[in-house]
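Protein sequence lines correspond, in order, to chains A and D.
When we follow this note's numbering, the leftmost residue of the first sequence carries the number 1481, and every step to the right adds one.
When we follow this note's numbering, the leftmost residue of the second sequence carries the number 1049, and every step to the right adds one.
Following: one structure in structure tokens, then a few remarks.
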Amino acid sequence: MSLLVSIFAAIAVLAGAFFFVAGTLGLLRFGDTLSRVHALTKADNLGLGLIVLGLLPLADSITDALKLVVIWALVLLGGTTAAQLVAGAVRREQDPPS
Amino acid sequence: MTAWLLDLPLALGLFGAGAATLAARSLFGAVLGFISTGLIAALVWVRLEAPDVALTEAVIGAAATSVIILYVASRISGGASAPAPPPIAQRLLAATFSVLLAALLAHALQALPDPAPSLAAPILKTMAPSGLGNPVTAVLMVQRALDTLLESAVLVFAVFAIWSMAPERRWGRAPGPAFIAEPQGPLAFLAKVLPPIGMVIGIYIAWVGADAPGGKFQGGAVLAAMWVLPWIAGLTAPPSISDMRLRLAIAAGPLVFLIVGLAGFAWAEGFLAYPPGFAKPLILLIETAMTLSVAAALACMIAGPPERRAQP
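Here it is as structure tokens:
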């Protein structure tokens, strides 16, 4: 049982780390701002989500597990808002409101 | 024995972020480097098993300070002329002194006896009467209460200094610039959704400081962010700087601390001593007042002095 949990945790955390690496690569290599924002938010949402998913079965208590989920939800909220703000700024720069 | 796998990238990252901050071509790039340095420093503190310091570094060093200098950078970059870089001789001199200081610190660290002298054991032994479970909070509120009192007074003076930058005719207005509201925008959405959650988290972090990493500065900074967010989104206006309630909120921490400290003359062994049996409730009272003060003072520092209001 505990071996299964460990395997599940390792796979989920590694998958999350993969998304972070991919997102960072996208941030560095993509040509325009909107694509870079896209890469970054993928890393935040999926990468952190998978890492939290992997850590959930290892949490000591329900409260700790709940805290992990809340952290993920708050990062989602913050990341989404920041992405929207950056995208809005790009749009205003490209065709300024007359 | 695989700890270096984590520690080596962190140490290199800290140096790299510091170097990137210094070498940055633009003001904005330098600020981003500074934010990265603060975030990596917070992780380094976690690795050094100092979560209290890590929280403070993240919340004050990386977050609150960064907001202030980011704002300043965006303000001065709009000016007529960029300030000329200092002459090369001055920069070389500054670099020499910085390297010298770093070398001295490294030498001092290497010269420490092993094990390093520590007061941790006697403090853990004398902690019981305070009723606190977190030794860091016990040191801040019992053994070094005077330092904490002075620290809380510094916040009040910092707000004084910032407010005194206001021109005479704007004295008594609300702090900071006015932000244009975009009611359907993402920032307004965040400013409506996040504060109720953030306030609970801020109060929780301040409350849990008695027994676990956390405390008034960390919790207060989160509360300050939740207060500033609706200002920046243009949903609410900050109170006027001559509003007595705002001034009282900023001064509450040192005021309550000082009253409890002076009461120590009458009820306990002297200044800043707690009467036996009442240590925990008194510390909680001070911590509550200081959380309020940290939140109000940080919010006012981020907002800045009263400025010309933007035309809607």
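Heads up, the beta-carbon is just placed ideally off N, CA and C, and yes, glycines get one too.
Which residue's Cα is closest to the Cα of D/P1244: D/K1264, D/G1224, D/F1227 and D/A1272?
From the listed residues D/K1264, D/G1224, D/F1227 and D/A1272, the smallest Cα separation to D/P1244 is found for D/A1272.
Subject >> Coarse secondary structure for D/P1243, derived from DSSP in three states >> reply: helix
- Output the boundary residues of the alpha helix (DSSP H) element that contains D/W1211. A1193 to W1211
| Using a beta-carbon distance cut-off of less than 8 Å, what residues from the segment 1552 to 1575 of chain A approach chain D? | L1554, L1557, G1558, T1560, T1561, Q1564, L1565 and G1568
Would you check if there are 3 or more beta carbon pairs closer than 8 Å linking the segment 1094 to 1103 of chain D to the segment 1066 to 1081 of chain D? no
| said: I'd like to confirm the pairing. Which residues does DSSP put opposite D/P1353 in its beta bridges? | reply: Paired residues: none, contrary to the question.
- Task: Using a Cβ cut-off of 8 Å, pull out every chain A residue sitting near D/V1241, in sequence order please.
- Result: By Cβ distance, chain A contributes L1557.
Worksheet entry | Extent of the continuous alpha helix (DSSP H) run through D/Y1119 | T1113 to I1124
Worksheet entry | Contact between the segment 1220 to 1240 of chain D and the segment 1138 to 1149 of chain D (3+ Cβ pairs under 8 Å) | Touching, no, given that fewer than three Cβ pairs across the two stretches are closer than 8 Å.
| said: Can you tell me whether D/G1362 is helix, strand or coil according to DSSP? | reply: The requested residue 1362 of chain D is not part of the displayed model; chain D covers only 1049 to 1360.
**Message:** Rounding to the nearest angstrom, what Cα-Cα distance links D/I1108 and D/P1324 in this structure?
**Reply:** Approximately 34 Å, taken between the alpha carbons.
inquiry  = Which of the three DSSP states is assigned to A/G1568 in this structure?
reply    = helix
| Can you list, in chain order, the stretches of the alpha helix (DSSP H) that have 4 or more residues and sit fully within the segment 1276 to 1352 of chain D? | 1292 to 1315 and 1327 to 1351
#### Entry: At least 3 beta-carbon pairs within less than 8 Å: the segment 1233 to 1250 of chain D vs the segment 1287 to 1302 of chain D
no
Of all the CB atoms in chain A, is at least one closer than 7 Å to the CB of D/P1183? no
*Determine the burial state of D/F1305: buried for a count of at least 16 other Cβ atoms within 10 Å of its Cβ, exposed for fewer.*
buried
Fill in: Terminal residues of the alpha helix (DSSP H) in which D/A1154 lies
I1136 to Q1158
Contacts around A/L1526, its chain only, beta-carbon distance under 6 Å, and the 5 residues preceding and following it disregarded | F1499
CB contact flag (A/T1504, D/P1234, <7 Å):
no
Check: From the beta carbon of D/L1188, is the nearest beta carbon of chain A less than 7 Å away?
Finding: Taking Cβ atoms only, chain A never reaches closer than 7 Å to D/L1188, which makes this a no.
| query | Quick check: the segment 1304 to 1318 of chain D against the segment 1189 to 1199 of chain D, are there 3 or more CB pairs under 8 Å? | reply | yes
For the alpha helix (DSSP H) containing D/W1052, list its first residue and its last residue. A1051 to A1071
Problem - Proximal chain A residues relative to D/P1234, where beta-carbon distance stays under 8 Å - result: T1560, T1561, Q1564, L1565 and G1568
Problem - Beta-ladder partner(s) of D/G1224, from DSSP - result: D/P1354
Select from D/I1298, D/Q1266 and D/A1150 the residue whose C-alpha is nearest the C-alpha of D/A1206. D/I1298
Here's the rule I'm using: 16 or more other beta-carbon atoms within 10 Å means buried, otherwise exposed. How should D/L1053 be labelled? exposed
8 Å Cβ cut-off: residues of chain A touching D/L1238
L1557, G1558 and T1561
Between D/Y1322, D/L1303, D/H1155 and D/V1092, which has its C-alpha nearest D/E1199's C-alpha? D/L1303
Beta-carbon gap between D/A1327 and D/G1181 smaller than 7 Å: no
Checklist line | Nonlocal neighbours in the same chain, by C-beta distance under 7 Å from D/Q1359, ignoring five residues either side | finding: For D/Q1359, the predicted model reports a pLDDT of 44, less than 50, meaning its position is unreliable and no value from the coordinates is stated.
| Counting pairs of beta carbons, one from the segment 1314 to 1323 of chain D and one from the segment 1335 to 1350 of chain D, are three or more of them closer than 8 Å? | no
query: Given a threshold of 16 other Cβ atoms within 10 Å of its Cβ, counted over all protein chains shown, does D/P1261 qualify as buried or as exposed?
result: buried
Quick check on A/F1603: does DSSP put it in helix, strand or coil?
The displayed coordinates of chain A run from 1481 to 1578. Any statement about residue 1603 of chain A would go beyond what the structure contains.
What are the boundary residues of the alpha helix (DSSP H) that D/P1099 is part of?
P1099 to T1104
### Message
At the level of alpha carbons, what is the spacing between D/F1227 and A/A1545?
### Response
Approximately 38 Å, taken between the alpha carbons.
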